[in-house]
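Colleague: My questions will all concern the structure given below.
Numbering (my numbering), first residue to last: 1 to 287.
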């Protein structure tokens with residue numbers, strides 16, 4: 001049987017996480033020296049409140065939590081396991097899952113584990129996790145799914161987002177190929193995606209959030225082109241009224257694409273620490 005593990009920064013929907021063959025391992029948010037398990041022990045609202053008077057940090061999952069996730073699946077008869085993580089260059093999570101997998105395979109030499117870098121984040125990674133879960137439920141073989149993952153990650157999935165400020169990306173050292181010091185002074189907002197080198201990079205920019213969101217939507221539609229969209233994802237961070245307005249606006253502009261499934265929600269607390277309050281983004285998985 002095939003099992004599936006993801007980390008909390010993939011923002012995998014609860015409906016997927018409830019499946020017997022799926023396990024989620026939380027990354028950690030650190031506030032004033034205290035660690036909280038992402039998605040389990042802290043909320044977005046609490047992180048945003050903390051960001052007003054401190055500088056939260058993030059940390060990798062514990063090796064114990066990863067080990068327990070593998071162990072839980074193996075004890076229930078899952079002898080082939082996929083692990084989907086956020087990009088290796090943005091987090092050491094991939095490496096920790098990989099090294100722990102090697103320890104597991106020494107104990108259980110008949111277990112097959114494939115640790116996969118999603119080359120995406122938040123709901124972008126969630127779509128890949130969800131597609132793998134779909135393949136598993138359809139009874140596809142481990143080798144078949146492994147072959148499909150290459151195209152799912154390299155070409156069939158893409159995310160775009162806009163944030164009100166780049167200060168959190170800068171503070172966390174994850175600014176990548178996004179430049180914005182002068183732009184922030186002029187209220188210029190970059191439209192950001194993740195490139196093949198797993199770095200954040202600009203695909204365009206516009207003055208003010210309204211124009212930037214329109215340009216983000218245009219960039220997404222250009223990427224989709226004439227292709228059919230299987231999954232659509234729209235995400236946000238925080239509960240500000242204007243953020244919800246942007247979120248609803250994006251949904252109204254993209255619903256005509258008629259995807260098989262739409263993922264909506266808030267980004268993880270871990271992502272929030274690095275991206276900040278007021279993010280809006282869109283992602284897609286092509287058929």
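Note that the Cβ used here is the ideal one computed from N, Cα and C, for glycine as well.
(1) Does chain D have any CB closer than 8 Å to the CB of residue 250?
(2) Are the beta-carbon atoms belonging to residue 16 and residue 25 less than 8 Å from one another?
(3) Taking the beta carbon of residue 177 as the centre, do at least 16 other beta carbons fall within 10 Å, making it buried, or is it exposed?
(4) Cutting at 7 Å between CB atoms, please list the residues of its own chain near residue 142, excluding the five before and the five after it.
(5) Once DSSP output is grouped into helix, strand and coil, what is the label at residue 130?
(6) As a quick exercise: from 200, 199, 215, pick the residue whose alpha carbon is nearest that of residue 206.
(7) Nearest to residue 122 by CA position, among 95, 157, 35, 226, is which residue?
(8) Using alpha carbons as the reference points, say which of 217, 5, 70 lies closest to residue 250.
(9) Between 53, 38, 43, 45, which has its C-alpha nearest residue 62's C-alpha?
(10) For residue 108, which residues in the same chain have their Cβ closer than 7 Å to its Cβ, ignoring the five residues on either side in sequence?
(11) Reducing DSSP to helix, strand and coil, say where residue 229 ends up.
(12) Buried or exposed: which applies to residue 182, given that a residue is buried once 16 or more other Cβ atoms fall within 10 Å of its Cβ?
(13) Taking buried to mean at least 16 other C-beta atoms within 10 Å of its own C-beta, is residue 119 buried or exposed?
(14) Buried or exposed for residue 244, please, with buried defined as at least 16 other CB atoms from any protein chain shown within 10 angstroms of its CB.
(15) Opposite residue 206 in the DSSP bridges: which residues?
(16) DSSP on residue 78, reduced to helix/strand/coil?
(17) Would you say residue 168 and residue 278 are within 8 Å of each other, going by their C-beta atoms?
(18) What does residue 57 pair with, by DSSP beta-bridge criteria?
(19) Apart from the five residues just before and just after residue 29, which ones in its own chain have a Cβ nearer than 7 Å to its Cβ?
Modeller: On the basis of the data shown:
(1) Protein chains in the displayed structure number just one, and chain D is not present.
(2) No, the Cβ-Cβ distance between residue 16 and residue 25 is not below 8 Å.
(3) With a pLDDT of only 49 at residue 177, under 50, the local geometry of the prediction cannot be trusted, and no value is derived from it.
(4) Once the five neighbours on either side are set aside, the close Cβ partners of residue 142 are 2, 80, 112.
(5) Correct three-state label for residue 130: helix.
(6) Closest in alpha carbon position to residue 206, among 200, 199, 215, is 215.
(7) Nearest to residue 122 by C-alpha distance, out of 95, 157, 35, 226, is 157.
(8) When each option's Cα is compared against that of residue 250, the closest is 217.
(9) For residue 62, the closest C-alpha among the options 53, 38, 43, 45 is that of 38.
(10) Taken in chain order, the residues that qualify are 74.
(11) Correct three-state label for residue 229: strand.
(12) Reliability of the predicted coordinates at residue 182 is poor, the pLDDT of 47 falling under 50, and the value obtained from them is presented with this limitation in mind. Exposed is the call here.
(13) A residue is called buried once 16 or more other Cβ atoms fall within 10 Å of its Cβ, and residue 119 is buried on that count.
(14) The residue is exposed, with fewer than 16 neighbouring Cβ atoms inside 10 Å.
(15) Answer by DSSP bridge pairing, in chain order: 189.
(16) Coil at residue 78, not helix or strand.
(17) Contact flag unset, no.
(18) Looking at the DSSP output, residue 57 bridges to 30.
(19) Taken in chain order, the residues that qualify are 36, 38, 42, 47, 56, 58, 269, 270, 273.
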